[in-house]
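Visitor: Quick note on the numbering used here: the sequence shown kicks off at 7 and runs consecutively. No residue lacks a Cβ here, since even glycine has one placed at the ideal position from N, Cα and C. Keep in mind that this is a model prediction, so the values were computed, not measured.
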Amino acid sequence: TNLEFYNNTLGVELGNDISLLKTGRTKVSFKYSSISSYLNDLNYTSVRWGMTQDLKLGSYKSMMVSAFMDRASYEDSRYDYNSYLLRLDLFLPNSYYDLGFIASISSNFIDTLSQSDSRGTEKVYTPSVKVIKSYTKNIKISAEYNYIYKISDSESYNYSKHVLMANIEYFN
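1. Give the C-beta separation of Glu-128 and Ile-116 to the nearest angstrom, bearing in mind that I take them to be a contact with Cβ-Cβ under 8 Å.
2. Output needed for Asn-195: all residues of its chain with C-beta closer than 6 Å, excluding positions within five of it in sequence on either side, in chain order.
3. Under a three-way DSSP split, which group does Asp-123 fall into?
4. Determine, using beta-carbon pairs with one atom in the segment 44–53 and one in the segment 27–35, whether at least three such pairs fall under 8 Å.
5. Quick check on DSSP: helix, strand or coil for Asn-46?
6. Any idea what DSSP makes of Tyr-85, helix, strand or coil?
7. In three-state terms, what does DSSP make of Glu-161?
8. To which residues of the same chain is Ser-83 closer than 7 Å at the C-beta, ignoring the five residues directly before and after it?
9. Helix, strand or coil for Thr-132, going by three-state DSSP, please let me know.
10. Helix, strand or coil for Phe-177? Go by DSSP, reduced to three states.
11. Helix, strand or coil: how does DSSP classify Ser-25 here?
12. Assuming Arg-93 and Ser-72 form a contact by the criterion Cβ under 8 Å, report the distance between their Cβ atoms to the nearest whole angstrom.
13. Which same chain residues end up closer than 6 Å to Glu-191 when comparing Cβ atoms and leaving out the 5 residues on each side of it in sequence?
14. Count the other CB atoms, across all protein chains shown, that sit within 10 Å of the CB of Ile-138; report buried if there are 16 or more and exposed otherwise.
15. Could you spell out the range, first to last residue, of the beta strand (DSSP E) harbouring Asp-117?
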């Protein structure tokens, strides 16, 4: 069988830990991506700046707060956008029956730039929960549920969806 070209991706990410707060770790990052698609209009570059702060909450629990800014520039500028994401993760390792839990919520605000007259600033809200079980030091199984809810001024861009994921990881 012949496989047809869909896209190629080139990405570079740089990050560094800094001491911003007395507790936890602060990571700042920069990511550049270039995507070449089977349709020239869908070729784009993306620049992302981010910051993540880890916080210790007692002896077992921890929280992570993240903020990211994205700028996507397409070959066809009608598709350009700026994205501003805020995310909060709460980690509860080995809470009940040796299960780990991660509860998250994120809010993504998307400035649709040249399409803003019809689409406005789109909003995507994503609460999620993940359950993790380690069976040995080499094997970990997890299940995750995400609910994604997108709001746009243009009715045709509104949607909600449920995403279920299951993972089995083997560490060597």
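Guide: On the basis of the data shown:
1. Taking 8 Å as the upper bound for CB-CB distance, Glu-128 and Ile-116 are in contact here, some 4 Å apart.
2. Outside the shown range of the chain, which is 7 to 178, sits residue 195, and nothing can be said about it.
3. Three-state result, Asp-123: helix.
4. No: the two stretches stay apart, fewer than three of their Cβ pairs being nearer than 8 Å.
5. Looking at Asn-46 - three-state DSSP - the assignment turns out to be helix.
6. Three-state result, Tyr-85: helix.
7. Under the three-state reduction of DSSP, Glu-161 is assigned to helix.
8. Cβ within range, chain order: Ser-120.
9. Under the three-state reduction of DSSP output, Thr-132 falls in the strand class.
10. Three-state DSSP puts Phe-177 in coil, outside helix and strand.
11. Under the three-state reduction of DSSP output, Ser-25 falls in the coil class, being neither helix nor strand.
12. Indeed they touch by this definition, with Cβ atoms about 4 Å apart.
13. Because the chain in this structure spans residues 7 to 178, residue 191 falls outside the shown range and cannot be described.
14. By the 10 Å Cβ count, Ile-138 comes out buried.
15. Looking at the DSSP string, the run of the beta strand (DSSP E) that includes Asp-117 is 105–117.
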